[in-house]
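Inspection log for the structure reproduced underneath, given as structure tokens.
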Amino acid sequence: MVVTQQGRPSPVMDAGPDPFVTAQRQFDIAAEFLNLDPGVRSILREVQRVLEVNFPVHMDDGSIEMFKGYRAQHNLHRGPTKGGIRYHPGVTLSEVKALSMWMTWKCAIFKLPYGGAKGGVVVDPRRLSQHELENLTRRFATEISVFIGPERDIPAPDVGTNAQTMAWIMDTYSMHKGYSVPAVVTGKPLSIGGSEGRNEATGRGVMIITIEALKHLDLDYQKATVAIQGFGNVGSHSARLLAKEGVKVVAVSDVTGGIYNPAGLNIPDVLRYVEEHGSLQGFRNAEYVTNAELLTLPVTVLIPAALENQITETNAGQVRARVITEAANGPVDPEADEILNDNGIFLLPDVLANAGGVTVSYFEWVQDLQNFFWSEKEIDQRLADIMRDSFRRVLAAKESHDVNMRLAAYILAVKTVSDASNARSIYP
Ligand code: GLU
């Protein structure tokens, strides 16, 4: 038996600051501000549980390859844990831990009864066939099955995974149990207990909160221009829904680079083009920009919707947007945060801006547990209400404490989780 190790084929992500160190630094700022009890503080700045798995997968050519994966559960004080599974060559333990901590804050701000979790496999999914991806997913699901479950930890899609991935996990888990367990994952296809509106939920939330922010800043959103970095699930739905509301999307990008048209891109045309060609490369009626150039375009709103560490000390000073909506998790590092803040840029932090996804995941889980399903209209309305309510609460905290939006969001989140930790106290 010949087994090869899946290594790191050219990491796509910049080797920026360590994501978990960033997450801890962001938490520390809030803990300091809240004068958090040192005991609770030391609990919350760590990840409660981490599982690392190394597993073999049968490849189409008959060989066997080894893969490495993780599942991290940051905090279990407010309920089961929740968060996506990422397939990407740049996945690291540190990244998964950071993402799990961010999920905890996201769920707390949105009053969802979950702690945060995240999983990942070190793999470039574009390199694998559908059959290999299915093998990998089923084996990974089996390896982490000791960790997940509808009352324990509920995965969902993230970068590099989708509804099909969730269907394979749901099926694998259900086969082990001997009956269907739809509530073990969210973001599933509708045919097996998925929810209306889940696929576009993160993008819809990004659209709603961006418009709320523009209104708050007295900027006419129909005159606003937007640049979006990343054209995966989140970026493409954000672009589509913002354009539908009359917002002018002038630039979008994917791994091949970006396209820019100051007069506005025709988003339905762009979506069709990507559908046909697989990427933005070669799209006409726009000029080419690099991913780095896109971040510094003269626009009203900049939406990083790709990966971590895109706006750092080196380029933060060149950002010309009035508003940043963090559709990705962790796109701005703490040094950049300060620069953007000093430059008067209104930043909607990830834990607020991109929580539309986990919010509709929560709706999906509730529907699965009740075996009673809601209409798309109902989902969209509930999502809009929660997004606006969370925006208003974070804004109120910003104004009453005279802090920026990230710290305001963290103040609400850390207070909510620490209240739960204190109420439960320490066992034994
Ligand atoms: N992966 C998404 C996120 O980062 C969704 C998580 C979920 O729905 O559980 O928020």
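So the sequence shown is residues 232 to 659, counted in our numbering. By construction, the Cβ of each residue, glycine as well, lies at the ideal position given by its N, Cα and C atoms.
Identify, in the order they occur along the chain, each residue of the same chain with its Cβ nearer than 8 angstroms to the Cβ of Gln614, setting aside the five sequence neighbours on each side.
-> Correcting the residue type first, residue 614 is Leu in the shown sequence and not Gln. Contacts found: Gly428, Ala432, Arg435, Gly436, Ile439, Gly587, Thr590, Val591 and Phe594.
Reducing DSSP to helix, strand and coil, say where Ala339 ends up.
-> helix
In three-state terms, what does DSSP make of Thr403?
-> If DSSP states are grouped into helix, strand and coil, Thr403 belongs with the helices.
Would you report the Cα separation of Tyr404 and Val288, rounded to the nearest angstrom?
-> 18 angstroms
Flag this pair as yes or no: are the beta carbons of Val322 and Val353 separated by less than 7 angstroms?
-> yes
So the alpha helix (DSSP H) Arg503 belongs to, where does it begin and stop?
-> Ile498 to His508
Bridge partners - Ser484, DSSP secondary structure assignment = Gln460 and Gly489
With a cut-off of 8 angstroms on the beta carbons, I'd call Pro344 and Arg309 a contact; round off their distance for me.
-> 6 angstroms
Out of curiosity, what's the CA-to-CA distance linking Asp449 and Arg623?
-> 15 angstroms
So, is the C-beta of Leu583 closer than 7 angstroms to a C-beta in chain D?
-> Any reference to chain D falls outside this structure, which holds one protein chain only.
Member of Pro535, Ala474 and Thr456 whose CA lies at the smallest distance from the CA of Ser484 = Taking each of Pro535, Ala474 and Thr456 in turn and checking the Cα distance to Ser484, the smallest one comes out for Pro535.
Could you tell me the boundaries of the alpha helix (DSSP H) in which Leu538 lies?
-> Per DSSP, Leu538 belongs to no alpha helix (DSSP H) and is neither H nor E.
Is the CB-CB distance between Pro388 and Asp355 below 7 angstroms?
-> no
Does DSSP put Asn285 in a helix, in a strand, or in coil?
-> Strand, per DSSP.
Under 6 angstroms Cβ to Cβ from Arg272, same chain only, skipping five residues before and after it: list those, please.
-> Ala262
Pick out whichever of Gly466, Val481, Asn464 and Ser467 has its Cα sitting closest to the Cα of Gln453.
-> Val481
How many Å lie between Arg618 and Thr531 at the Cα?
-> Here residue 618 turns out to be Met, not Arg, going by the sequence shown. For Met618 and Thr531, the distance between alpha carbons rounds to 21 angstroms.
Cα-Cα, which of Pro269, Gln512 and Asp500 is closest to Val486?
-> Gln512
Report the residue ranges of all alpha helix (DSSP H) runs contained in full by the stretch 558-609; include only those spanning at least 4 residues, in chain order.
-> With a minimum length of 4 residues, the continuous alpha helix (DSSP H) runs that stay inside the stretch 558-609 are 565-573, 581-584 and 587-601.
At which residues does the beta strand (DSSP E) containing Tyr658 begin and terminate?
-> Run containing Tyr658: none; DSSP gives neither H nor E here.
Would you say the beta carbon of Ala387 comes nearer than 6 angstroms to a heavy atom of the ligand GLU?
-> yes
Please say whether Gly347 and Met334 have beta carbons closer to each other than 7 angstroms?
-> yes
Throw me the rounded Cβ distance for the Ser621 and Ala558 pair, which I believe falls under 8 angstroms.
-> About 15 angstroms separates the beta carbons of Ser621 and Ala558, which is beyond the 8 angstroms limit, so they are not a contact pair.
Lys349 (DSSP reduced to helix, strand or coil) | Correct three-state label for Lys349: strand.
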